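As structure tokens, the structure follows; a few thoughts come after it.
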Ligand code: AHN
Ligand code: ZN
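In the working numbering, the protein residues as written are 51 to 379.
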């Protein structure tokens, strides 16, 4: 019975993506950019597979099991996988056993770009309207799994059609164990992005370099809109222009707004300041949303699979693949 259900699911997936060429957004004859193949159903199923493990909070079995699953998917799609294990201390003096998962596509190419996302879940839904949820971990379908899901689907597509450049998928751990609203002490940037800080310091011991990095953070929420985040503009304006121009050319200008957003302390901040690689952040900016400018489900119990929108995944995935295929050696 289970096997039949799985076969049926794969069949539906094949029907929904495989057959038709993705040319819908490209009917304008003046538009010379080819819309790459990207299957939002597949990205969605990668998100669901992560949330099915349970919240991926560091120091839990769900976290460790999901990390191995992510690594196995990158391997399946032909990437050279490195697990960077480390321990780190949080603002509340918890010691975490963590892993950054690195998947290198075209490992021998000297010209490289980075796609980055955190894969851990926040341990507390401390922005939930109901205080009963403040101590519960977050499913993190959007704030964690969405970026990983889009990157895994990009890796799957790159195996079918190789890019000219190398692509490093860097899935960082321990981004989201930062202090919440009720924290009494001073809020430091370094409380966030612990996995990225570790990766960037290690990187500085090597000769590794990348042309630029693109961080995907909460790229699947219903009603998402992406503005030009300010640290991204400050450190990587040409990369922001490249990505936002491509989105507009593909017909996704209603999601990728040309206005400026706020300054966000996120993984890209440490790639810029420690690793010195220009890094931008694709992150929602909804200044009129009363729960959070990151969207209504941010750090709440509602950040689950029901609030993921395939159209948002589709826009982000196609835009990034088009940027990657456009990049020359
Ligand atoms: C702060 O709230 C300081 N930074 C947001 C970074 C973040 C948390 N991204 C996802 N969750
Ligand atoms: Zn978060």
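Glycine included, C-beta positions come from ideal geometry on N, C-alpha and C. Fair warning: this is a prediction, and the values are worked out from it, not measured in the lab.
Legend entry - Exposure of residue 96, with buried meaning 16 or more beta-carbon neighbours within 10 Å: Counting C-beta atoms within 10 angstroms of its own C-beta, residue 96 has 16 or more neighbours from the protein chains shown and is therefore classed as buried.
Legend entry - Sufficient close CB pairs (3 or more, under 8 Å) joining the region 224 to 239 to the region 196 to 204: Here the region 224 to 239 makes no contact with the region 196 to 204; the two share fewer than three CB pairs at distances below 8 Å.
Inset, instruction - Following the continuous beta strand (DSSP E) through residue 131, name the residue where it begins and the one where it ends. - result: Per DSSP, residue 131 belongs to the beta strand (DSSP E) from 130 to 139.
Legend entry - contact_flag[the region 301 to 308, the region 339 to 350] where n(CB pairs < 8 Å) is 3 or more: Segments in contact, no.
Inset, instruction - Keeping to the same chain, check which residues put their C-beta closer than 6 Å to that of residue 362; ignore five residues upstream and five downstream. - result: Excluding sequence neighbours, residue 362 sits near 270 and 274.
Inset, instruction - Could you tell me whether the Cβ atoms of residue 135 and residue 153 are closer together than 9 Å? - result: Not closer than 9 Å, so no.
Inset, instruction - Could you check what DSSP says for residue 206 in three-state terms: helix, strand or coil? - result: Here residue 206 carries a helix assignment [DSSP, helix/strand/coil].
Inset, instruction - Ignoring anything shorter than 3 residues or poking outside the region 251 to 286, list the beta strand (DSSP E) runs there in chain order. - result: Taking only runs of at least 3 residues, the beta strand (DSSP E) segments lying wholly in the region 251 to 286 are 262 to 266 and 276 to 278.
Inset, instruction - Closer than 7 Å by C-beta to residue 292: which residues in its own chain qualify, once you throw out the five before and the five after it? Chain order, please. - result: So the qualifying residues of the chain are 373.
Legend entry - DSSP beta-bridge partners of residue 361: Per DSSP, none; premise fails for residue 361.
Inset, instruction - Starting from residue 153, trace the beta strand (DSSP E) both ways and give me its first and last residue. - result: It spans 145 to 155 - the beta strand (DSSP E) in which residue 153 sits, taken as one unbroken run.
Inset, instruction - Can you say whether residue 51 is buried or exposed, counting buried as having 16 or more other CB atoms within 10 angstroms of its CB? - result: Residue confidence for residue 51 is low, a pLDDT of 44 falling below 50, so the modelled location carries little weight; the figure read from the coordinates is stated next. Per the 10 Å Cβ criterion, exposed.
Legend entry - Distance between residue 90 and residue 367 (C-alpha atoms, nearest Å): Spanning the two alpha carbons is a distance of roughly 8 Å.
Legend entry - Which of helix, strand or coil DSSP assigns to residue 6: Residue 6 lies beyond the range of the chain shown here (51 to 379); nothing can be said about it.
Inset, instruction - Count the other CB atoms, across all protein chains shown, that sit within 10 Å of the CB of residue 258; report buried if there are 16 or more and exposed otherwise. - result: By the neighbour-count rule (16 or more Cβ atoms within 10 Å), residue 258 is not buried but exposed.
Legend entry - Any non-hydrogen atom of the ligand ZN closer than 8 Å to residue 226 Cβ: Yes - the ligand ZN has a heavy atom lying nearer than 8 Å to the Cβ of residue 226.
Legend entry - Candidates 197, 173 and 332, of which the one nearest residue 289 by Cα: Distance check between residue 289 and each of 197, 173 and 332 places 332 closest, using alpha-carbon atoms only.
Legend entry - alpha helix (DSSP H) segment containing residue 221, residue limits: Note, residue 221: premise wrong, no alpha helix (DSSP H); beta strand (DSSP E) at 216 to 222.
Legend entry - residue 254 burial status per 10 Å Cβ neighbour count (16 or more: buried): Exposed, since its Cβ has fewer than 16 Cβ neighbours within 10 Å.
Inset, instruction - Examine the ligand ZN and report whether any of its heavy atoms sits within less than 8 Å of the Cβ of residue 318. - result: The answer is no for residue 318.
Inset, instruction - Look up residue 323 in the DSSP assignment and say whether it is helix, strand or coil. - result: Residue 323 sits in a helix when the DSSP states are folded into three classes.
Inset, instruction - Could you name the residues that DSSP lists as bridge partners for residue 164? - result: Under DSSP, residue 164 shares a beta bridge with 218 and 263.
Inset, instruction - Verify whether the separation of the beta carbon atoms of residue 167 and residue 196 is less than 9 Å. - result: Taking 9 Å as the Cβ cut-off, residue 167 and residue 196 qualify as a contacting pair.
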